[in-house]
Amino acid sequence: MRINLIGNFSKVNTGLTQDAMILRGLLANTHGDTVQIRKVHYAMPQCGEAEINIFVENMNPSLIPYASKNIWIPNTEWTYKSWTPYSRMVDEIWVKTKEAFTIFSELASNVKYVSWTSIDKIYNEKKDYNKAIVLVGKNVYRNPKPMLQAYLFVQKSNPEMYKSLPTLTIPHNPDHVKFYFPPELADKVTILNLLTESEYDTLLSESGLAICTSAAEGFGHAVNEAMSSGCNLILSPIKPFQELTEEKAAFIAASKTLEHPSCFGDIIDVSVPSIVDRLYEYVKSSTTRKKKISEMMRQLYENHHASFIQEIQILLGKTKPAPYVLADTYPKEADLPDVSIVTLTYNRRIFMPLAKYSYMIQSYPEDKIEWVIVDDGEDSIEDTLIGVPNVKYVRLENKTSIGEKRNIGVQNAMYDTIVMMDDDDVYPNNSVLHRVAMLGKEPTKQCVFCTTIPCYDIQNYTSFMNVPPYTLPMAQRVSEASLGFTRKFWEDRKFTDIQIAEGNAFIHGREEMCREISPQEVIVSLVHSLNTSSRKVPPGEPNGCHYGFNEQLFAVVSEIGEQLNTSRQKETGGGESCDQTCGGDALPSQEGPQEQPQEFHHHHASSGPLP
Numbered sequence: 053m054r055i056n057l058i059g060n061f062s063k064v065n066t067g068l069t070q071d072a073m074i075l076r077g078l079l080a081n082t083h084g085d086t087v088q089i090r091k092v093h094y095a096m097p098q099c100g101e102a103e104i105n106i107f108v109e110n111m112n113p114s115l116i117p118y119a120s121k122n123i124w125i126p127n128t129e130w131t132y133k134s135w136t137p138y139s140r141m142v143d144e145i146w147v148k149t150k151e152a153f154t155i156f157s158e159l160a161s162n163v164k165y166v167s168w169t170s171i172d173k174i175y176n177e178k179k180d181y182n183k184a185i186v187l188v189g190k191n192v193y194r195n196p197k198p199m200l201q202a203y204l205f206v207q208k209s210n211p212e213m214y215k216s217l218p219t220l221t222i223p224h225n226p227d228h229v230k231f232y233f234p235p236e237l238a239d240k241v242t243i244l245n246l247l248t249e250s251e252y253d254t255l256l257s258e259s260g261l262a263i264c265t266s267a268a269e270g271f272g273h274a275v276n277e278a279m280s281s282g283c284n285l286i287l288s289p290i291k292p293f294q295e296l297t298e299e300k301a302a303f304i305a306a307s308k309t310l311e312h313p314s315c316f317g318d319i320i321d322v323s324v325p326s327i328v329d330r331l332y333e334y335v336k337s338s339t340t341r342k343k344k345i346s347e348m349m350r351q352l353y354e355n356h357h358a359s360f361i362q363e364i365q366i367l368l369g370k371t372k373p374a375p376y377v378l379a380d381t382y383p384k385e386a387d388l389p390d391v392s393i394v395t396l397t398y399n400r401r402i403f404m405p406l407a408k409y410s411y412m413i414q415s416y417p418e419d420k421i422e423w424v425i426v427d428d429g430e431d432s433i434e435d436t437l438i439g440v441p442n443v444k445y446v447r448l449e450n451k452t453s454i455g456e457k458r459n460i461g462v463q464n465a466m467y468d469t470i471v472m473m474d475d476d477d478v479y480p481n482n483s484v485l486h487r488v489a490m491l492g493k494e495p496t497k498q499c500v501f502c503t504t505i506p507c508y509d510i511q512n513y514t515s516f517m518n519v520p521p522y523t524l525p526m527a528q529r530v531s532e533a534s535l536g537f538t539r540k541f542w543e544d545r546k547f548t549d550i551q552i553a554e555g556n557a558f559i560h561g562r563e564e565m566c567r568e569i570s571p572q573e574v575i576v577s578l579v580h581s582l583n584t585s586s587r588k589v590p591p592g593e594p595n596g597c598h599y600g601f602n603e604q605l606f607a608v609v610s611e612i613g614e615q616l617n618t619s620r621q622k623e624t625g626g627g628e629s630c631d632q633t634c635g636g637d638a639l640p641s642q643e644g645p646q647e648q649p650q651e652f653h654h655h656h657a658s659s660g661p662l663p
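Mind the numbering: the sequence shown is residues 53 to 663 in my numbering, read in order.
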């Protein structure tokens with residue numbers, strides 16, 4: 053059995069990498085040598101075929117078609133509300149907490165509560181109860197500011213009590229968690245940056261007290277590890293911590309509870325006076341009591357761990373889909389429907405050799421396709437279509453929005469399966485066939501499209517990938533140039549009469565009727581000075597075209613690029629054009645988190661400015 057573990061596993065020593073380790077171990081233990089496990093980065097637009105895809109935290113719907121069964125294990129605080137439609141696209145959602153079960157059960161009926169566990173840390177019976185660790189690490193929800201404020205308050209209000217407080221060690225990654233450290237606390241608080249795993253394990257083993265003021269958690273690996281190590285606990289009152297400790301930890305009161313603005317669940321701020329109260333209680337408790345709490349926390353960890361392992365192995369043992377072959381789920385060749393290809397154009401005579409090339413090379417049966425061209429330019433391109441088979445030319449006398457031109461194209465189409473083909477993009481020979489096959493793949497859908505798009509700048513001879521932010525709703529990530537859909541889907545809701553992003557309203561609210569697909573067989577978007585896309589080459593991308601164009605195709609696009617460059621030089625007197633040197637719609641900074649690519653407009657169908 054083949055299993056794809058899909059997530060962001062590129063960063064070491066994170067909860068996600070621990071989740072992957074746990075899953076690999078459980079799968080290997082349950083299925084033995086019969087299981088083949090592959091790690092797949094969630095941002096890949098396609099992956100190898102497998103019997104099971106397991107999405108760990110991050111979701112990418114374009115990978116769903118590559119497995120017979122798709123399982124999503126989300127972390128609530130990192131599950132964007134914009135991902136709500138994905139909950140009904142997967143076969144099962146496995147949740148780690150009862151809070152997550154409540155949240156996701158309101159979105160879908162396929163939710164299973166599985167609980168979770170963490171890697172066992174060193175249990176030390178000889179804890180130093182005057183030594184405390186503040187659990188921060190890389191987690192932005194665990195800023196230690198409230199703890200520092202509490203220590204400052206005690207220092208100023210009760211110096212004698214301050215002397216009895218445990219020393220604090222705060223290991224954290226300064227690239228992820230930033231805070232001000234008051235120098236007057238240097239006698240009690242030590243800040244450590246970028247510990248190795250063994251250094252962290254030693255620190256955790258020595259510490260008698262672990263403190264975590266996290267505002268939100270999907271499970272709580274750091275706290276569970278502290279329990280395995282036998283630490284006493286002072287915790288924020290979030291539901292995952294209450295479940296994990298069976299409410300037997302010392303909980304801080306909340307000062308404020310807010311609904312997460314973009315993800316699911318709540319964000320909880322802790323009360324600094326309540327932290328002070330919990331610290332006083334800890335200091336005043338006897339060593340005997342602290343040792344008993346250590347033993348209790350260790351026992352809780354062992355009980356939960358054993359229960360989880362037993363239950364998850366039963367569940368994994370029952371999860372054995374039949375061997376999966378993607379091609380076997382496609383419609384048979386004899387069942388392929390007739391297809392209308394719709395192309396919009398506006399004063400794009402220079403691109404017609406490319407458009408004709410893309411149409412003529414399609415592997416789809418010639419007797420089952422037609423080409424509908426909608427042209428509202430001043431320079432009619434009808435004369436360029438002589439000798440092209442099965443073409444229908446629709447001439448518009450007035451400038452029309454791109455959304456309305458798409459509607460006109462569908463209205464004039466003869467057939468009930470429609471695929472879009474922009475005049476200035478490259479469409480591989482299987483582009484139409486692949487989109488139609490993905491429409492007809494079981495379970496059938498009424499619309500398919502790409503979101504991640506390979507691009508080639510034909511004037512600067514540079515290729516790159518356009519990846520809209522995964523935090524955007526699916527409808528806002530659609531590339532209209534890659535659309536394929538049924539006439540019924542269009543009749544139920546036509547394109548909006550707008551000039552840009554018409555795919556958003558077309559798809560929004562109907563995501564479950566759609567299938568996101570890889571661009572591999574579908575499209576290479578050409579970037580040039582005449583299109584309306586805001587796609588620009590990311591800084592630092594290597595030069596050259598990496599998409600395997602054959603000599604004929606490369607000659608066609610190169611000739612277009614040369615003509616555009618010549619035209620630009622004439623218009624600018626030989627200098628650089630504004631889009632090379634000015635700000636405008638250039639690519640936003642790439643300095644943000646790697647897992648959140650920058651936003652681009654997907655649309656650059658041909659149309660002039662509206663009157």
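Just so you know, even glycine gets a beta-carbon here, dropped at the ideal spot from N, CA and C. Please read these numbers as outputs of a predicted model, since none were measured by experiment.
The residue from 408, 175 and 59 with its alpha-carbon nearest to that of residue 125 is 59. Proximity of the region 464-484 to the region 401-411 meets the contact definition, three or more beta-carbon pairs being nearer than 8 Å. The residue from 349, 362, 69 and 98 with its alpha-carbon nearest to that of residue 299 is 349. In the pairwise beta carbon analysis, the region 420-427 is classified as touching the region 437-444: at least three pairs are separated by under 8 Å. By DSSP's assignment, residue 220 forms a beta bridge with 184 and 241. Scanning its chain for C-beta atoms nearer than 7 Å, with the 5 sequence neighbours on each side dropped, one finds around residue 367 the residues 166, in chain order.
Secondary structure at residue 547: coil, using DSSP grouped into helix, strand and coil.
The Cβ atoms of residue 290 and residue 302 do not sit closer than 7 Å to each other. The C-beta of residue 377 has fewer than 16 other C-beta atoms within 10 Å across all chains shown, which makes the residue exposed. Taking C-beta atoms under 8 Å as the contact rule, residue 179 and residue 346 qualify, at a distance of about 6 Å. By alpha-carbon distance to residue 210, the top candidate from 170, 373 and 332 is 332. Assigned with DSSP and collapsed to three states, residue 396 falls in strand. Comparing alpha-carbon positions, the option among 171, 115, 518 and 203 lying closest to residue 578 turns out to be 518.
As computed with DSSP, residue 122 is found in a beta bridge with 105.
Annotated three-state conformation of residue 570 is coil, per DSSP. Cβ contact annotation for residue 357 (same chain, cutoff 6 Å, sequence separation greater than five): 169, in chain order. Judged by DSSP secondary structure, residue 313 falls outside any beta strand (DSSP E); it is assigned neither H nor E. In summary, residue 71 is buried, with 16 or more beta-carbon neighbours lying within 10 Å of its beta-carbon over all protein chains present. Residue pairing of residue 259 in beta bridges, as defined by DSSP: 180.
In this structure, the straight-line span from the alpha carbon of residue 540 to that of residue 547 is close to 13 Å.
Bridge partners of residue 270 according to DSSP: none are assigned. Shortest Cα-Cα distance from residue 141 to any of 159, 385, 84 and 614 involves 159. By the neighbour-count definition (other C-beta atoms within 10 Å, threshold 16), residue 272 is a buried residue. The C-beta of residue 73 has fewer than 16 other C-beta atoms within 10 Å across all chains shown, which makes the residue exposed. By the neighbour-count criterion, in which a residue is buried when 16 or more other Cβ atoms sit within 10 angstroms of its Cβ, residue 551 is buried.
If you ignore the 5 residues before and after residue 416, its C-beta comes within less than 6 Å of the C-beta of 484 and 485, all in its own chain and listed in chain order. Put simply, of 515, 530, 69 and 482 the residue whose alpha carbon is nearest the alpha carbon of residue 521 is 530.
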